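Here the structure is laid out as C-alpha cells; the discussion comes afterwards.
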Amino acid sequence: MRSSSKAGRGGRRGKPLLSDHVIKVRQRLHEALALGIKVDDNKQRKWQCSDTEIQLHVLRAMGNFIGCVSPHALEHSIPKDSISDMFLALEAILCSRNERVLSFAADTTNKLALTLELSICQYDIWGVVVCLSRCLSKCQSQVVNSCVIAMDHILKSPGVMRWEKNEETWKVIKENNIVDNLVTVFQDDVDVDQSYEYFMHIASLFKTIILKCPSARYYVWKCSELIMKLGSICSHSNPSAAAAALELFATLALCGDVAMELLGNKQILSKAVQSMGPLQPGLVRVRALNICQSLMRSVKGCHMLINVYCEPVVQGIISALSEPSAYGQSAIRMGAFRVALIACWSGDHHLCFWKLGIDKVLFDILLGDCSMININQNPLPTEMLFSKIYECHVGERAYIWEILGWLAMYCEDKFLFKTDQRFWYLKVLISCVCSAAKVVMHRRHVKLPSSDNFEFEPVRATLQMLCSPSKYISSQAKHHLSECLQSDGHEHLEYLLESLTLIATGDVSLTSDSFQTAVNIVSLGCYSTLSEYEIPILEKRGVYIISAIINRCLHSDTKLSRSAIPSHIDRYPYIKACCWSDATDWEGENVVLFHCLQALAQLLNVLDRRCNHQKNSIGKVHCALCEISEAQFLVENLQYVLSKNFSPGTKSYAAYVLSFFNFYGFPSKLGKRLERTLGENELADLQFVFSSGQVLNAHSVIVLARCPRLLPSEKNLNHKKLGDVSTERHVFELKPSKFRREVGISEEVDATAFKKILEYVYSGMIQVEVEDVGPVEKIAKFCGLKSLLYMLQRGLPKWGLDTPICDLTQALEPACQAFTDISLEVKATEGVAWNCSICQLSMPHMCAHKVVLSSSCDYFRALFSSGMRDSNADVIKVPIGWNALVKLVKWMYSAELPRINNGCAWNNMDGDQQLSELQAYVELASLADYWLIDGFQEECLDAIIPLLNIDHQIVLKTIAIAAGLNQTEHS
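For any residue, its number in this note's numbering is found by taking its place in the sequence shown, counting from 1, and adding 148.
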C-alpha cells in the first residue's frame, strides 16, 4: 500500500484540515485495504484476496471511513488516495459469488457515490459500474436492488456520462451488456404490485442511462418485450408507477427515430393522451404532457399526433393551463405551456384551440381577477393593464405572448366565435401585447427590473398579430399599437432607423447587442404595417437600410440565431435530444435575415401602391423598384437565398419580394435541368399548336406530372370558358415509329402567357413583365397552378407552408406509365422478387422516360441523340444493384438523393444491413464517374462520409467494394 506516515492534519495552505478521528479511521482503512491490494508481476496494483471475511472486514472499514469524512475533507490528497484504492477493491469484491458480500459491497458503493457527489468523476469508476451490472443477471432481487441504486447514483453524477463523450460511454455500456442485463431483470423479475420500490429504482436507472446516453435510446426502444411491459404500467393504479413509465417514454422520445416509431404505436399513444386528462393525478399529467412535448418537436411529429388525437390533446392542454398556479400545480401549467407551443406548427389544432376558449384561459392567467375592467370600456386604461401585466410572472408572461403570436399567425376570421364577450377577451389580450411590445421597443427610455428587461416575445407576437390572416386580429393590433405609439412613435422611429443604419454600414456588429438588434428589426416590421409611419420610413431610405443588412447577413459568417436572443421560454428543458434533423422552425435560425425580409415585403408593398413606376421618386421617397442599380443588387441577394439551403419561411419571403421585380416561383436543380429540354425536338412527343401556326414542342410526361390540365380531356373540351384553350388531335409524323400528340391552342389564349406557363411547368420559376401578369394569371387559374397564382396575386406568404418543389416522381405512378419509353435493368439482386405489370422483363428493372434521363445525365443525352443503334434500345443495363437503382431514379426525378439519417436507427442497424446501404451509394458514386453525371458523385460521397463513424471493419469492407468497382470499370 501507499505510505501513510506523517499524514498530518492538513496539507498546504488553503487545503482542508483532517480531524484526529478521520486520520485514525483512514489509517484503519489503509491497513484493511493492505490485506488485499498487492503489486503483481507487471507492477500493477490489484486486489488479490478472495477470502470472504477479509472482504467483509474491508467493507466495514470503508463504511466507517465514508461515515466520518465530509465532502469538503475529500479535497485533501490523503483521502483521495484512499478513495482510489476503495474503488480498486470494490471492483474485485463485486465479482464475489457470496450474496451477503455483494449486497454489502453494493451498499458501500452507493454510500461512497453519495458522499463524493460531483467529485466522483475524478476517479475511474467504470470498472465498478460494469461489475455492478453483472450482478443483475446472477443475484437475488435484494442484491440486484442494491446494485441498481448504486449504479443510478454513480451515473447520475454530472461528468460521469458527458454528452461530448457519448459514443465512448455507449461503447462501454454496450460491450459490457449493461442495458441488456437491466432489461433482463425488468422483464423477468419486476412486478409493480409486489415490488413497487424495486420497479421505481430500476425505472430511475433506465431513465438515467437513456437521458444521459442518447445512443441507448433507440437500443432500449427495440427491446419489444420491455416496451410492452412499460406500456401496460402506464395505466397502473399506482400513480407514481404510471408516471415513472410515462417519463421513460418521454425520455425515449427525445430520440427522433424513437418518436417517429412511437407515434405509430396506438396503444401507448392512447394511454399517454388519456393521461393528460383533468381527472388524472398531477404527476401523471405532467409526465403525459412531457411525452406530447417530446413527440411534437417537429411539424411531422405534430401532424402525426394531431391527425389522430387533436381534440383530446388540445383539451388536455387547456385543462392543464386552467389549473391554479398554487404550489404543486405549477409543474402542470408549465408542462402545458411547453406543449401549447405546438401553435407554431400549422394544423387542425388551431381551430380546436379557439373552439375550446384558449383566449379566455390566457386572459385569466395573465390578468387574474379583472373585475375592475369594464367590458364596455373603450379604450381600456393603459396604466391599469400595464400594472396587471407585470404582476404576472415573467416566465408565464413570455409563454402567453409566444402562444398568442402563433395563434394569431394561423388564425382565420372563421375560427373566432362572434360573441361580444369572447371578442372582448381577445381584444384585451391584443391590447396587452401591444402595450408590452411598446415598452420593449422603447427600452432605451424605460427602466425595468432586470428580469423584465429582456422580453423579445411581445414584440414578435405583436408583429405576428399585425400580419395575421384574421382581419379582426390585424385591425385590432394596428389600432392598439397606433394608440400606444401616438405620443413618441415618430421620435423612436428616427432613433430606430439611425441604429439600423449603423448596422447596415458595418459600423456596428450584428451581434454586438443581439437582443437589441432583433428587437430593432422586428420593431421596424411593426412600424411598416402602420400607415402613418410608411412615408417616414421610406423618406429615411428604410428599403436600402434593410437591403444592406440583408447583404451583411448573407455575406458574413455572423448570424443571429433565435437561441442567441435572451428569452424566458425554456422550450425544451430536457437534456439534449437527438435524431431530430427536421425539427427546424419555419423562420429558420437567422432571425435578422428573416425579419428583414418580412419588413422589406411590407415596405415594397407600400412602394408598389404609391409609385407609378414611371418616375424615380415621389417627393422625397425613392423607389427601389424603379432604380435599376439598387434593384439588381437586391435581386441578386434574393436569388442567392432561393438557391441555397435556407428555411421555408426565409425562402417564401425572398420569393415574395422578388415578385415585385417580376420574378415568380422557386428555382430548383431539377427545374434547371428540365428547362434545357423545353422546345427541343429530339425526345418531344407533344406539340402545342397556336392559331397563328406557331408550334411549341413539349413532353407529355412532364406536362402530365406537373400540370395535367394543360392536356385536354373530355371534361376540358366541353368547358365553355377557358376550356377552349386547347383541342386535341392525334397525328403520325412521317416517321411511322414515332407517335406525336398535337394540341391546338385557342386563339383566345395569349401565346406569350401560355409559353410562360409552360416555362413555369418545366423550371418552377419565370420572369413575367407587368403587362403580361393578367393573361398569365388567367391561365394559371384555369390550370390549377395555385402556388403561381397566389404569387401573381401578391399574396403574403402563408406561415408554416413548405415552399413548392419541382418534382417529377409522380411520373413514376401508374397514371404516367403509358409514356415510359425506356427500362433501366439492374444486375440480379438476391432477395428481390420481380413481377412487372407493364412489360415482360424478368430481371429487376424500372420503367423510365428518356427525356428525364437525358436532362439528368450527359451520357444519356449523347446516347439518345447519337442516332446509333443503342439510342433506340428499349432496355439499358445498369451495372448497379436494385437498392442503388431506386436511389438513382429518385434523384433523376426529384434532384434529391435519398439519404440515411446518421442517427440512432442507423447506429443500431445490423452490420450487414449497414454495408448493404453503403454499397448502394458506392455503386452510384462509381456510376456517376462513368456516366458523367455532373455533381452526382459529390452528393453520393456526402451521403456516405457521415455514416462512416461505425465499426472499422465495415469501413474497410466499404473501401474494398469501391476498389472492386474501380477495377471492373478499368478492365
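Glycine included, every Cβ here is placed at the ideal spot set by N, Cα and C. Model, not experiment: these values are computed from the prediction.
Go through its chain and collect everything with a Cβ distance to residue i's Cβ below 8 Å, but skip five positions before and after it.
i	result
Ser230	Arg174, Leu177, His178, Leu181 and Phe213
Gly841	none
Could you name the residues of the same chain whose beta carbon sits closer than 7 Å to that of residue i, not counting the 5 residues immediately before and after it, in chain order?
i	result
Lys1035	Leu1045, Pro1046, Ala1068 and Leu1072
Met149	Interpretation of Met149 is limited by its pLDDT of 48, a score under 50 that renders its predicted location unreliable; the figure taken from the coordinates is listed afterwards. The answer, listed in chain order, is His178, Leu181, Ala182 and Ile185.
Lys1105	Leu1063
Ile465	Ala484, Val487 and Ala488
Phe534	Ser583
Ala786	The amino acid at residue 786 is misidentified as Ala; the sequence shows Leu. The answer, listed in chain order, is Ala802, Val805 and Leu806.
Pro429	Pro387
Asp168	none
Ala1111	none
Ala298	Ala254, Thr257, Asn258, Ala261 and Leu280
I'd like the span of the beta strand (DSSP E) that includes residue i, first residue to last.
i	result
Lys1025	Val1023 to Val1026
Gly505	Here Gly505 belongs to no beta strand (DSSP E), and DSSP marks it neither H nor E.
His993	His993 to Ala996
Val837	Leu834 to Val837
Glu973	Ile970 to Val974
Lys186	Ile185 to Val187
Where does the unbroken alpha helix (DSSP H) through residue i begin, and where does it stop?
i	result
Val333	Ile326 to Asp337
Glu828	Neither: Glu828 is in no alpha helix (DSSP H) and is coded neither H nor E.
Phe742	Val739 to Arg758
Lys724	Here Lys724 belongs to no alpha helix (DSSP H), and DSSP marks it neither H nor E.
Leu262	Glu247 to Leu264
Ile651	Gly637 to Ala652
Asn845	Here Asn845 belongs to no alpha helix (DSSP H); instead the beta strand (DSSP E) covers Val843 to Ala846.
If you measure between the beta carbons of residue i and residue j, is that distance less than 8 Å?
i	j	result
Leu564	Trp502	yes
Ala398	Ala407	no
Val576	Phe511	yes
Val509	Leu552	no
Ala389	Phe347	yes
Lys355	Leu396	yes
Thr968	Cys995	yes
Pro945	Ser711	no
Phe814	Pro952	yes
Val1023	Glu961	no
Leu672	Leu644	yes
Pro684	Leu641	yes
His220	Asp300	no
Using CA coordinates, which residue listed in the options is at the minimum distance from residue i?
i	options	result
Lys1025	Ala488, His993 and Asn1055	His993
Trp779	Asn699, Val843 and Ile850	A small correction: the amino acid at residue 779 is Ala; Trp does not occupy that position in the sequence shown. Nearest C-alpha to Ala779: Asn699.
Cys450	Cys197, Thr732, Tyr620 and Leu260	Thr732
Trp927	Leu906, Arg1009, Ala240 and Gly819	The question names Trp, yet the displayed sequence has Ile at residue 927. Looking at the Cα atoms, Leu906 is the closest of the given residues.
Cys216	Lys172, Ser225 and Glu239	Lys172
Met613	Leu678, Gly797 and Asn293	Leu678
Asp1006	Ala853, Met1057 and Arg824	Arg824
Leu940	Trp947, Val916 and Leu949	Val916
Cys559	Ala584, Ile537 and Ile506	Ile506
Ser285	Gly1112, Gln335 and Lys304	Gln335
Arg245	Asn258, Ala261 and Cys283	Cys283
Glu315	Leu937, Cys726 and Pro684	Cys726
Lys419	Tyr643, Leu431, Thr900 and Leu394	Leu394
Ile381	Pro362, Ser289, Ala364 and Ser423	Ser423
Leu748	Val327, Leu686 and Asp950	Leu686
Val308	Glu265, Ser1074, Asn329 and Gly637	Glu265
Gly543	Ile713, Ala556, Ile226 and Leu514	Leu514
Leu844	Leu826, Gln196, Thr798 and Gln1061	Leu826
Who are the Cβ neighbours of residue i in its own chain at under 6 Å, not counting the five residues just before and after it?
i	result
Val331	Cys371 and Leu374
Lys194	Asp188
For the ligand NAD, I want to know if residue i counts as a neighbour, meaning its beta carbon is within less than 7 Å of at least one of the ligand's heavy atoms.
i	result
Val217	Ligands displayed in this structure: none; no statement on the ligand NAD is therefore possible.
Spell out a yes or no on whether the region 455-475 and the region 495-504 are touching, meaning 3 or more CB-CB pairs, one atom from each, closer than 8 Å. yes
Report yes or no: do three or more beta-carbon pairs, one from the region 734-748 and one from the region 410-424, lie closer than 8 Å? no
Flag this pair as touching only if the region 847-857 and the region 923-943 have three or more C-beta atom pairs under 8 Å; answer yes or no. yes
Would you check if there are 3 or more beta carbon pairs closer than 8 Å linking the region 268-279 to the region 230-244? yes
Between the region 201-209 and the region 243-263, can you find at least three pairs of beta-carbon atoms closer than 8 Å? yes
Measuring CB atoms only, is the region 1087-1100 touching the region 999-1017, in the sense that at least three cross pairs come out at less than 8 Å? no
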